[in-house]
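Number of protein chains: 2
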Amino acid sequence: MTNRKDNDFLNGVPELLILRLLARQPMYGYELVQTIRLTSDDVLAFGEGCIYPILHRLESEGCLASRREEVAGRNRVVYRLTQAGRKRLETATARWEGITAAVGRLLGGGSDGSPFMA
Amino acid sequence: MTNRKDNDFLNGVPELLILRLLARQPMYGYELVQTIRLTSDDVLAFGEGCIYPILHRLESEGCLASRREEVAGRNRVVYRLTQAGRKRLETATARWEGITAAVGRLLGGGSDGSPFMA
DNA sequence: ACGAGATACCTCGCAGCGAGAGGTATGCGG
DNA sequence: CCGCATACCTCTCGCTGCGAGGTATCTCGT
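Protein chains in written order, with this note's numbering: chain A, 7 to 124; chain B, 7 to 124.
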């Protein structure tokens with residue numbers, strides 16, 4: 007109401023996290039959503055409408071493989087990382103680290119002025 | 007070619023960096039663009055079409071104050087942070103740190119499984 | 001027995017933001 | 001004198017995450 011958005015502020019991050027979590031162990035969509043929300047203490051709270059499309063896209067790109075599982079009459083689609091997915095995770099991680107490092111440099115940057123027209 | 011985009015991957019970050027740089031010292035738009043690009047070794051390279059609108063918006067929101075400067079026949083609009091801007095910088099910084107911390111936790115997270123359905 | 005809520009999957013449309021192209025003007029170096 | 005760097009600006013496009021909406025089953029409290 008007061009503010010248009012409350013938590014936004016990211017980009018490509020959902021994909022990175024999905025990749026990373028699936029590298030650790032196979033999981034299903036709903037579990038990923040909860041895990042991200044719980045582990046981050048609600049700082050990161052991607053809706054299912056954000057996660058599922060990414061899952062489908064990553065699978066169609068060969069980064070994930072899925073397998074249906076029947077647990078207590080409930081249908082789960084469990085995803086695991088493929089080799090291509092592992093590769094994708096590496097580049098995504100590197101990118102993220104590069105960005106946070108750069109932002110950190112700008113943020114923490116000493117009292118010295120800008121390198122432009124020094 | 008291969009990939010549609012080469013460097014995207016952020017959100018709200020430009021605003022944060024502008025705020026932070028202006029907290030250090032007053033600067034003009036073009037200088038901000040160059041400083042961010044140079045300091046980050048081209049990792050972060052926001053175009054002018056990204057920076058100027060943010061500058062205008064932040065000023066209209068009272069976070070920045072501008073002053074025209076005539077240097078060698080060249081017109082510069084120098085911005086400085088207001089008190090409100092300082093406040094905004096604080097919350098934006100806190101937000102960014104919260105997010106990177108959360109992502110780091112997810113990324114580095116030990117071998118222990120998800121806290122969901124432990 | 002029944003309804004609410006959690007589990008589990010899915011899709012669609014909106015809105016915000018950054019990217020990039022395009023546009024103006026001046027000063028300086030080759 | 002042409003082009004590049006400086007310096008400002010605006011507009012449109014496309015991507016992506018958000019929220020709302022939709023289905024179905026199982027469980028727990030009442």
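Heads up, the beta-carbon is just placed ideally off N, CA and C, and yes, glycines get one too.
Problem - Closer than 8 Å at the beta carbon, the chain A residues around residue 111 (chain B) - result: Walking along the second sequence from the start, residue 111 (chain B) turns up at place 105. By Cβ distance, chain A contributes 45, 46.
Exercise for the section: Might you give, ordered along the chain, the residues of its own chain that have their beta carbon closer than 8 Å to the beta carbon of residue 113 (chain A), omitting 5 neighbours on each side? Expected result: On the first sequence, position 107 is the one that residue 113 (chain A) refers to. Excluding residues within five positions, none has a Cβ falling inside 8 Å.
Handout entry: Contact check, residue 69 (chain A) vs residue 51 (chain A), beta carbons under 8 Å
Key = Position 63 of the first sequence holds residue 69 (chain A). Position 45 of the first sequence holds residue 51 (chain A). Not closer than 8 Å, so no.
Exercise for the section: Note down, in chain order, each residue of its chain lying with its Cβ closer than 7 Å to the Cβ of residue 38 (chain B), except the 5 sequence neighbours on either side. Expected result: In the second sequence, counting from the first residue as 1, residue 38 (chain B) sits at position 32. The answer, listed in chain order, is 24, 27, 57.
Exercise for the section: Look at the alpha carbon of residue 84 (chain A) and the alpha carbon of residue 22 (chain A), and state the distance between them as a whole number of angstroms. Expected result: Here residue 84 (chain A) refers to the residue found at position 78 when the first sequence is read from its first residue. Here residue 22 (chain A) refers to the residue found at position 16 when the first sequence is read from its first residue. The straight-line gap from Cα to Cα measures roughly 18 Å.
Problem - Between the CA atoms of residue 64 (chain A) and residue 55 (chain A) - distance to the nearest angstrom - result: One-based indexing of the first sequence puts residue 55 (chain A) at position 49. One-based indexing of the first sequence puts residue 64 (chain A) at position 58. Straight-line measurement puts the Cα of residue 64 (chain A) at about 15 Å from the Cα of residue 55 (chain A).
Handout entry: Helix, strand or coil at residue 71 (chain A) according to DSSP, with G and I counted as helix
Key = As a first step, residue 71 (chain A) must be located in the first sequence, where it is residue number 65. In the structure shown, residue 71 (chain A) sits in a strand (DSSP, three-state: E or B).
Problem - Own chain residues within Cβ distance below 8 Å of residue 95 (chain B), not counting five before or after - result: The count along the second sequence starts at 1 and reaches residue 95 (chain B) at position 89. Closer than 8 Å at the Cβ level, and outside the excluded window around residue 95 (chain B), lie 22, 25, 26, 29, 87.
Exercise for the section: Would you tell me roughly how many angstroms separate the C-alpha atoms of residue 35 (chain B) and residue 61 (chain B), rounded to the nearest one? Expected result: The residue given as residue 35 (chain B) occupies position 29 in the second sequence. The residue given as residue 61 (chain B) occupies position 55 in the second sequence. Rounded to whole angstroms, the separation of the alpha carbons of residue 61 (chain B) and residue 35 (chain B) is 8 Å.
Exercise for the section: Kindly indicate which residue of B:98, B:81, B:106, B:101 has the alpha-carbon position closest to the one of residue 99 (chain A). Expected result: For the purposes of this step, residue 99 (chain A) is taken as the residue at position 93 of the first sequence. Checking every option, the nearest Cα to that of residue 99 (chain A) belongs to B:106.
Practice task
Compare the C-alpha of residue 59 (chain A) against each of A:20, A:77, A:97 and name the closest.
Solution key: Taking the first sequence and counting its residues from 1, one reaches residue 59 (chain A) at position 53. Closest by alpha carbon: A:20.
Exercise for the section: At 4 residues or longer, and completely inside the segment 11-54 of chain B: list those alpha helix (DSSP H) runs for me, N to C. Expected result: Complete alpha helix (DSSP H) runs here, min 4: 19-30, 35-45.
Practice task
Using 10 angstroms around the beta-carbon of residue 78 (chain B), count the other beta-carbons present and answer buried if the total reaches 16, otherwise exposed.
Solution key: Stepping through the second sequence from its first residue, residue 78 (chain B) is reached at position 72. Per the 10 Å Cβ criterion, exposed.
Exercise for the section: Taking residue 91 (chain B) as part of the alpha helix (DSSP H), name the residues at either end of that continuous run. Expected result: If you number the second sequence from 1, residue 91 (chain B) lands on position 85. 89-114 is the extent of the alpha helix (DSSP H) around residue 91 (chain B).
Practice task
Output yes if chain B places a C-beta closer than 8 Å to the C-beta of residue 37 (chain A); else output no.
Solution key: Indexing the first sequence from 1 puts residue 37 (chain A) at position 31. At a cut-off of 8 Å between beta-carbon atoms, residue 37 (chain A) makes contact with chain B.
Exercise for the section: Measure from the C-beta of residue 61 (chain B) to each C-beta in chain A and report whether the shortest distance is under 8 Å. Expected result: Reading the second sequence from its first residue, position 55 is the one you call residue 61 (chain B). No - not a single Cβ of chain A is within 8 Å of the one on residue 61 (chain B).
Exercise for the section: Report the residue from B:33, B:18, B:109 whose alpha carbon sits nearest the alpha carbon of residue 81 (chain B). Expected result: Translated into positions along the second sequence, residue 81 (chain B) becomes position 75. Residue B:33 is the option with its Cα nearest to residue 81 (chain B).
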